[in-house]
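Trainee:
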Amino acid sequence: MRKFDHNGLLLAEYQGKLFEKSYDLKCSTGIFIRRFIHSNLLNTLDSNNPALLSLDVNEGISSIIEQFGDTDYGKTKYSKSALFWIGYIYRYISYTREVSTRFVMDLFAYKQMNDVYYTFHTQDPEWCIASLLDISGLDENIFDNNFRLKEAIKEKGTY
Numbered sequence: 001m002r003k004f005d006h007n008g009l010l011l012a013e014y015q016g017k018l019f020e021k022s023y024d025l026k027c028s029t030g031i032f033i034r035r036f037i038h039s040n041l042l043n044t045l046d047s048n049n050p051a052l053l054s055l056d057v058n059e060g061i062s063s064i065i066e067q068f069g070d071t072d073y074g075k076t077k078y079s080k081s082a083l084f085w086i087g088y089i090y091r092y093i094s095y096t097r098e099v100s101t102r103f104v105m106d107l108f109a110y111k112q113m114n115d116v117y118y119t120f121h122t123q124d125p126e127w128c129i130a131s132l133l134d135i136s137g138l139d140e141n142i143f144d145n146n147f148r149l150k151e152a153i154k155e156k157g158t159y
């Protein structure tokens with residue numbers, strides 16, 4: 001597990017602001033998140049090196065629009081504050097647990113994150129992670145690549 005340092009804070013705040021800014025797009029939250037998951041920007045974010053990014057939210061949104069085009073598909077949008085928290089906590093988990101954002105988003109769907117927002121957003125991020133794991137019937141081992149490899153081998157019956 002990596003310590004949440006200044007670089008982690010810069011990236012988490014950037015991703016939170018990016019998600020918050022997505023509210024101003026014509027598309028729904030779900031469409032934005034699907035595009036974000038497959039974006040080149042996410043690959044850069046997952047390097048966890050703020051020096052590789054301009055950290056300008058408008059540039060980030062523009063890069064996603066350039067890559068996928070603009071759309072007005074979908075109607076459901078989450079609140080700006082929920083979007084900020086969702087983006088922030090996804091990056092916090094990805095950074096501190098040293099796993100990809102896609103992996104984190106597969107574990108904790110954005111709809112689940114929105115559902116727990118009002119209860120969780122004022123809590124410490126570590127408490128949020130422990131609670132999300134508990135709700136999902138998982139434990140901290142899920143973030144350990146070696147543990148997941150051992151579990152996959154056990155499932156195949158070759159261990």
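Here the numbering used here is used: the sequence shown runs in plain steps of one and ends on residue 159. Every residue, glycine too, gets a C-beta built ideally from N, C-alpha and C.
According to DSSP, simplified to helix, strand and coil, what is GLU140?
Mentor: helix
Trainee: By a C-beta neighbour count over all protein chains shown, 10 Å radius and 16 as the cutoff for buried, is ILE89 buried or exposed?
Mentor: buried
Trainee: CB-CB under 6 Å to LEU52, same chain, minus the five flanking residues each way: which ones, in chain order?
Mentor: Closer than 6 Å at Cβ, skipping near neighbours: THR44.
Trainee: Looking at the structure shown, is MET113 part of a helix, part of a strand, or coil, going by DSSP?
Mentor: Correct three-state label for MET113: helix.
Trainee: Could you give the first and the last residue of the continuous alpha helix (DSSP H) run that contains LEU9?
Mentor: Residues 6-21.
Trainee: Please tell me whether SER28 and LYS80 are closer than 8 Å, where the distance is taken between their beta carbons.
Mentor: no
Trainee: Specify whether the stretch 113-132 and the stretch 47-64 touch according to this definition: at least 3 beta carbon pairs, one from each stretch, less than 8 Å apart.
Mentor: no
Trainee: What is the DSSP secondary structure of TYR73, reduced to helix, strand or coil?
Mentor: coil
Trainee: Judging by CA-CA distance, which residue of LEU18, LYS26, ASP24 is the nearest neighbour of LEU41?
Mentor: Cα-wise, what sits closest to LEU41 is LEU18.
Trainee: Thinking ASP46 and SER94 are a contact (beta carbons under 8 Å), I'd like their distance in whole angstroms, please.
Mentor: 7 Å
Trainee: Starting from VAL104, trace the alpha helix (DSSP H) both ways and give me its first and last residue.
Mentor: 101-107
Trainee: Out of PHE84, ARG97, LEU25, which has the shortest C-alpha to C-alpha gap to ILE65?
Mentor: LEU25
Trainee: Helix, strand or coil: which one does DSSP assign to GLY60?
Mentor: helix
Trainee: Which first and last residues belong to the alpha helix (DSSP H) in which TYR95 is found?
Mentor: 80-97
Trainee: Using a Cβ-Cβ cut-off of 8 Å (strictly less than) and excluding sequence neighbours within five positions of ASP72, which residues of its own chain qualify?
Mentor: LYS26, CYS27
Trainee: Assuming THR29 is part of the alpha helix (DSSP H), what are its boundary residues?
Mentor: 29-37
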